[in-house]
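Here's the structure, in structure tokens; my notes come after.
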Amino acid sequence: MVDKTRKRRTQAEINQLSDQIVEVLQEDHPMSIRHIFYLMTNPRLPVSVPKTDKGTPNGYKIIQYHLTRMRREGLIPYGWITDATRRGFHVYTYDGHKDFLRRVAGMYRANLWGYADHYVEVWCESRSIAGIIEDDCEELAVSLYPAGGFSSITLAYQAAEQISRATNHRAVPAQIIYVGDYDPAGVLIDHSIERELRRHVDADVELNFHRIAITPEQIAEYDLPTKPRKAKDKRSKHIQGTVEAEAMPPRILRAILRETVESFLPPHALEVAKIAEADEQRTLLELAGAA
Numbered sequence: 001m002v003d004k005t006r007k008r009r010t011q012a013e014i015n016q017l018s019d020q021i022v023e024v025l026q027e028d029h030p031m032s033i034r035h036i037f038y039l040m041t042n043p044r045l046p047v048s049v050p051k052t053d054k055g056t057p058n059g060y061k062i063i064q065y066h067l068t069r070m071r072r073e074g075l076i077p078y079g080w081i082t083d084a085t086r087r088g089f090h091v092y093t094y095d096g097h098k099d100f101l102r103r104v105a106g107m108y109r110a111n112l113w114g115y116a117d118h119y120v121e122v123w124c125e126s127r128s129i130a131g132i133i134e135d136d137c138e139e140l141a142v143s144l145y146p147a148g149g150f151s152s153i154t155l156a157y158q159a160a161e162q163i164s165r166a167t168n169h170r171a172v173p174a175q176i177i178y179v180g181d182y183d184p185a186g187v188l189i190d191h192s193i194e195r196e197l198r199r200h201v202d203a204d205v206e207l208n209f210h211r212i213a214i215t216p217e218q219i220a221e222y223d224l225p226t227k228p229r230k231a232k233d234k235r236s237k238h239i240q241g242t243v244e245a246e247a248m249p250p251r252i253l254r255a256i257l258r259e260t261v262e263s264f265l266p267p268h269a270l271e272v273a274k275i276a277e278a279d280e281q282r283t284l285l286e287l288a289g290a291a
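Reminder that position 52 of the sequence shown reads as 52 in the numbering used here, one-by-one numbering, no gaps.
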């Protein structure tokens, strides 16, 4: 068994850790640094890192260092690591109306939810998780709200306005899907979001909340790495072992999310929408050529 507490690893151990990181990223990407950190805390691995992101040794900083090294050395593509906590703000310009039509053609989306009996949106506790599920939410045409911990009342108010608008003309129930940590604070955040949304949505809107991760059942089923609760935290005293949402393997989290969202769609709705989108995109490209 490798001593996980010593400060300096052998070159053989570093190579083994690098091979493990490459293997998980080849199987499933993109991932956030925190996701890879949790995967590498598995004590069953030939080389693992400490289950801590504070103090010394710091498992998170170890993974952060090696991911930086590996990307700069060309061992893994930069795009395999996602970071939704930092983004640029861009201004898009066009070289005339033909360029505009060509570029917006790929942005056309059919109304996937036009005939659905539900309005669906996704909330998550952190921007790190948002970076993992963003592409799936975009494909499934559902709004994604990273709460950043306990959500600001402004974000909740704006989301509630959108829910009221989206459900007003069709009188369909709103399904709120949530992904968050299982820790003394994390199990309270979704309840806080629900209370704040209910404060502002129209009185006749039916709101249903679905926590799809992390749950006690998932911790057992997927053998997710746990950490002791903070001794000074007096909230949710029934929780002893804490698990962050990033501990869930991304491919499993995405699969759970997609299954839940698609359960609220009519059969084959996504396939039909993709066909409609392709047809409309061709029309826009033809307009660009004829303009």
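Just so you know, even glycine gets a beta-carbon here, dropped at the ideal spot from N, CA and C.
- Cβ-Cβ separation between residue 173 and residue 206: approximately 4 angstroms, consistent with a contact (criterion under 8 angstroms).
- The bridge partners DSSP lists for residue 213 are 179.
- A straight line joining the alpha-carbon of residue 18 with that of residue 66 spans about 7 angstroms.
- DSSP places residue 30 in the coil class of the three-state scheme, outside both helix and strand.
- Taking the Cβ atoms as the reference, residue 81 lies roughly 16 angstroms from residue 254, outside the contact range of under 8 angstroms.
- Straight across, the Cα-Cα distance linking residue 108 with residue 136 is about 17 angstroms.
- Measuring C-alpha to C-alpha distances from residue 286 to each of 234, 36, 97 identifies 97 as the nearest.
- Between the segment 166-181 and the segment 207-218 there are three or more inter-stretch CB-CB distances shorter than 8 angstroms, so the stretches are counted as touching.
- For the pair of segments examined, the segment 240-249 was found not to touch the segment 266-275: the number of CB pairs separated by less than 8 angstroms stays below three.
- Residue 212 holds the alpha-carbon nearest to the alpha-carbon of residue 259 among 212, 226, 237.
- In this structure, the straight-line span from the alpha carbon of residue 27 to that of residue 38 is close to 16 angstroms.
- With a cutoff of 9 angstroms on beta-carbon distance, residue 197 and residue 160 are scored as near each other.
- Boundaries of the beta strand (DSSP E) around residue 144: 143-146.
- Counting along the chain, residue 104 sits inside the alpha helix (DSSP H) bounded by residues 97-105.
- By DSSP's assignment, residue 241 forms a beta bridge with 228.
- Under the three-state reduction of DSSP output, residue 206 falls in the coil class, being neither helix nor strand.
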